[in-house]
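With the sequence shown counted from 1, adding 40 to any position gets you this note's numbering.
Here's the structure we're looking at; comments come further down.
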Amino acid sequence: MSSIVTMRLSLLQNKGLKQEVNHDCVIIIFTIKHKAIIMKHLFTDYQERWITGIALLAIVFIIGWIDNFLIMWIFLGLVYIFAFYEAMQLFKITAPSAYVWALLLWIVVYFYPSPDDLFFLIAIIFASLLAYFHNFDKRLLLPFLYPTSGILFFLMLYADFGIWAMVWLLVTVTLADTGAFFVGKMIGRTKFSDTSPNKTLEGVIGGILLATIGGTFLGLYGYNLFVAIGVSFLTAVAAIFGDLFESYLKREAGVKDSGNLLPGHGGILDRIDGYLFGVVMMVIALRAFS
């Protein structure tokens with residue numbers, strides 16, 4: 041009699057175990073299907089963004105393949121003028137003369153051997169003007185800090201460290217941005233900052249890790265493992281906060297995008313925000329580690 045009871049209990053336990061396993065399988069299958077649907081929507085809902093991004097990468101690839109200082113100066117100059125215009129709008133500054141100064145600055149950059157030095161020259165000129173003209177608009181300095189300083193470091197990175205450093209920067213910042221986006225969409229739960237409610241802590245960590253790993257492989261082309269990891273990590277972190285700073289400026293200005301030049305992306309600043317911080321950090325890190 042006891043053996044029969046034992047057998048029945050064993051069958052009931054096995055049946056319960058099977059039901060539990062089946063339940064777990066259903067949850068796993070549902071989770072996989074849910075993630076697949078999310079991934080599908082990420083590509084279909086952002087189709088215009090992907091097309092524009094691929095076109096921009098093609099342009100950058102061609103310019104990198106040519107690898108000529110004049111071509112790079114012209115390309116970065118065009119990016120600079122559009123970015124400067126958008127910054128003027130974000131800072132709500134109306135001063136046509138500022139565009140003339142920006143253009144003159146970029147012309148000087150072509151002939152001057154250390155473009156990043158001009159950042160300090162700008163500060164001295166504005167401080168002098170502020171002291172001489174008591175009613176000088178202090179806000180005019182802002183677009184010469186952002187994005188001007190970042191663009192100057194772009195040219196400095198190319199002049200001092202070559203086209204491969206530009207590729208290293210491009211890949212690292214792209215992976216930080218893309219990784220933060222996808223990881224955030226997939227598993228993001230914790231808000232990273234009130235400045236950018238859609239950015240999650242999980243996404244930021246995932247983006248930095250992905251960028252550090254990918255950037256390290258490129259960095260090993262010319263540097264040891266320690267330098268490659270350090271530069272890639274610092275650049276990725278800076279890129280995250282470059283994106284966050286742009287979000288802050290847009291929130292302050294009450295706009296969704298910095299412009300509408302790039303379909304699916306917004307303006308130039310929306311596309312290069314991470315690079316403007318990342319390139320400064322990369323130049324400083326490479327100089328420090330070198």
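Don't be surprised by glycine CBs; every beta carbon is placed ideally from N, CA and C.
Query, Result
"Taking only runs of the alpha helix (DSSP H) that begin and end inside the stretch 136–215, which ones reach a length of at least 4 residues, in chain order?", "136–151, 158–172 and 182–185"
"Could you check the C-alpha separation between A176 and A123 for me, to the nearest Å?", "According to the sequence as given, residue 176 is Phe; it is not Ala. Cα to Cα, the separation comes out at about 23 angstroms."
"In the DSSP assignment, the alpha helix (DSSP H) including S233 goes from what residue to what residue?", "Here S233 belongs to no alpha helix (DSSP H); instead the beta strand (DSSP E) covers K231 to S233."
"So what's T134 in DSSP terms, helix, strand or just coil?", "coil"
"For M226, which option in V211, V213, V244 and T235 has the closest C-alpha, if you only look at C-alpha atoms?", "V244"
"From the DSSP secondary-structure annotation, give me the bridge partner or partners of T240.", "K231"
"Three-state secondary structure (DSSP) at G299?", "coil"
"For M307, count neighbouring C-beta atoms within 10 Å of its own C-beta (all shown protein chains included) and say buried if the count is 16 or more, exposed if not.", "Looking at the sequence provided, one finds Gly at residue 307 rather than Met. Label assigned to G307: buried."
"Tell me whether L274 is buried or exposed, calling it buried when 16 or more other Cβ atoms sit within 10 Å of its Cβ.", "buried"
"Please state the DSSP three-state secondary structure of G294.", "coil"
"I22 to V140, Cα distance in whole Å?", "Residue numbering for the chain in the displayed model covers 41 to 330; residue 22 lies beyond these limits and cannot be assessed."
"What residues in its chain sit with their C-beta under 7 angstroms from that of I269, if we drop five residues either side in the sequence?", "T252 and T256"
"Just checking, does the stretch 280–288 make contact with the stretch 229–242 on the three C-beta pairs under 8 angstroms criterion?", "yes"
"Whose CA, out of S298, G259 and L161, lies closest to the CA of G202?", "G259"
"Quick check on the DSSP output: the alpha helix (DSSP H) that includes R315 runs from which residue to which?", "It should be pointed out that residue 315 corresponds to Tyr in this sequence rather than to Arg. Unbroken alpha helix (DSSP H) run through Y315: I308 to F329."
"On the CB-based measure, 16 or more other CB atoms within 10 Å of its CB, does I91 come out buried or exposed?", "exposed"
"Could you tell me the alpha carbon to alpha carbon distance between L309 and G299, rounded to whole angstroms?", "8 angstroms"
"Who are the Cβ neighbours of V61 in its own chain at under 6 angstroms, not counting the five residues just before and after it?", "For V61, the predicted model reports a pLDDT of 43, less than 50, meaning its position is unreliable; a value from the coordinates is still stated below. Closer than 6 angstroms at Cβ, skipping near neighbours: no residue."
"Mind checking whether V267 and F329 have CB atoms under 8 angstroms apart?", "yes"
"Could you tell me whether the Cβ atoms of I191 and L118 are closer together than 8 angstroms?", "no"
"For V66, does the count of other Cβ atoms within 10 angstroms reach 16, so buried, or fall short, so exposed?", "Residue placement at V66 is flagged as unreliable, the pLDDT there being 45, under the threshold of 50; a coordinate-derived value is accordingly withheld."
"Among P183, M112 and T134, which one has its Cα closest to the Cα of Y150?", "M112"
"Less than 8 angstroms separating the beta-carbons of Y315 and V213?", "yes"
"Confirm, please, whether the CB-CB distance from G254 to W204 is below 8 angstroms.", "no"
"Among F173, A142 and H174, which has the Cα closest to the Cα of L161?", "A142"
"Less than 8 angstroms between the CB atoms is what I'm expecting for L326 and V271, so what's the real figure, rounded?", "6 angstroms"
"Would you mind working out which of Y125, T188 and L250 sits nearest L215, comparing C-alpha positions?", "L250"
"Grab me the residues of K178's own chain with a C-beta within less than 7 angstroms of its C-beta, minus the 5 sequence neighbours each way, in chain order.", "L170"
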